[in-house]
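Visitor: Residue numbers (the numbering used here): 274 to 352.
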Amino acid sequence: LGAKEYKLLLHFMENPEWVFTKQQLYRAAWEDDYYYDDNTIMVHISRLRNRIEDDPQNPEYLKTIRGIGYKLHYTGKKQ
Numbered sequence: 274l275g276a277k278e279y280k281l282l283l284h285f286m287e288n289p290e291w292v293f294t295k296q297q298l299y300r301a302a303w304e305d306d307y308y309y310d311d312n313t314i315m316v317h318i319s320r321l322r323n324r325i326e327d328d329p330q331n332p333e334y335l336k337t338i339r340g341i342g343y344k345l346h347y348t349g350k351k352q
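Here it is in structure tokens:
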């Protein structure tokens with residue numbers, strides 16, 4: 274994982290099932306104010322999904338919550 278993907282994953286893992294806005298995720302990974310750059314967050318979420326999901330197009334863990342943001346869904350399955 275790249276540094277930003279790692280920070281995002283760590284943030285999600287520390288707060289499973291919490292829904293985060295793109296602004297909150299930006300602040301967590303970049304430690305800076307959010308400048309309305311949704312594309313940056315979407316690119317890094319996509320990269321993270323490509324690393325952790327069996328099928329990134331149909332994510333099981335890193336869920337999009339339409340109109341709000343993203344959350345890490347914990348299924349309780351052992352890998």
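Backbone N, C-alpha and C define an ideal beta-carbon position, used for all residues, glycine too.
From the DSSP output, in three-state form, read off Ile338 for me.
Guide: Taking the sequence shown and counting its residues from 1, the one referred to as residue 338 is at position 65. DSSP places Ile338 in strand when its eight states are reduced to three.
Visitor: Got a sec? Which residues, its chain only, sit under 8 Å from Gly342 by beta carbon, not counting five neighbours each side?
Guide: Residue 342 sits at position 69 when you count from the first residue of the sequence shown. Excluding positions up to five away in sequence, the list reads Val292, Phe293, Thr294, Lys295, Gln297, Leu298.
Visitor: In the DSSP assignment, the alpha helix (DSSP H) including Glu287 goes from what residue to what residue?
Guide: To locate residue 287, count along the sequence shown from 1; it is residue 14. From DSSP, the alpha helix (DSSP H) with Glu287 extends over 276-287.
Visitor: Per the DSSP calculation, Lys344 is bridged to which residue(s)?
Guide: To locate residue 344, count along the sequence shown from 1; it is residue 71. Bridge partners of Lys344: Lys336.
Visitor: Quick check: what's the CA-CA separation for Asp327 versus Pro289?
Guide: Position 54 of the sequence shown, counting from 1, holds the residue named residue 327. Position 16 of the sequence shown, counting from 1, holds the residue named residue 289. So the alpha carbons of these two residues sit roughly 19 Å apart.
Visitor: On the DSSP letters alone, give me the boundaries of the alpha helix (DSSP H) that Asp311 sits inside.
Guide: To locate residue 311, count along the sequence shown from 1; it is residue 38. Annotation for Asp311: the continuous alpha helix (DSSP H) segment containing it runs 311-325.
Visitor: Please list, in chain order, all residues of the same chain as His248 whose beta carbon is under 8 Å from its beta carbon, the five residues on each side excluded.
Guide: Lying outside 274 to 352, the shown extent of the chain, residue 248 is not represented and no answer is given.
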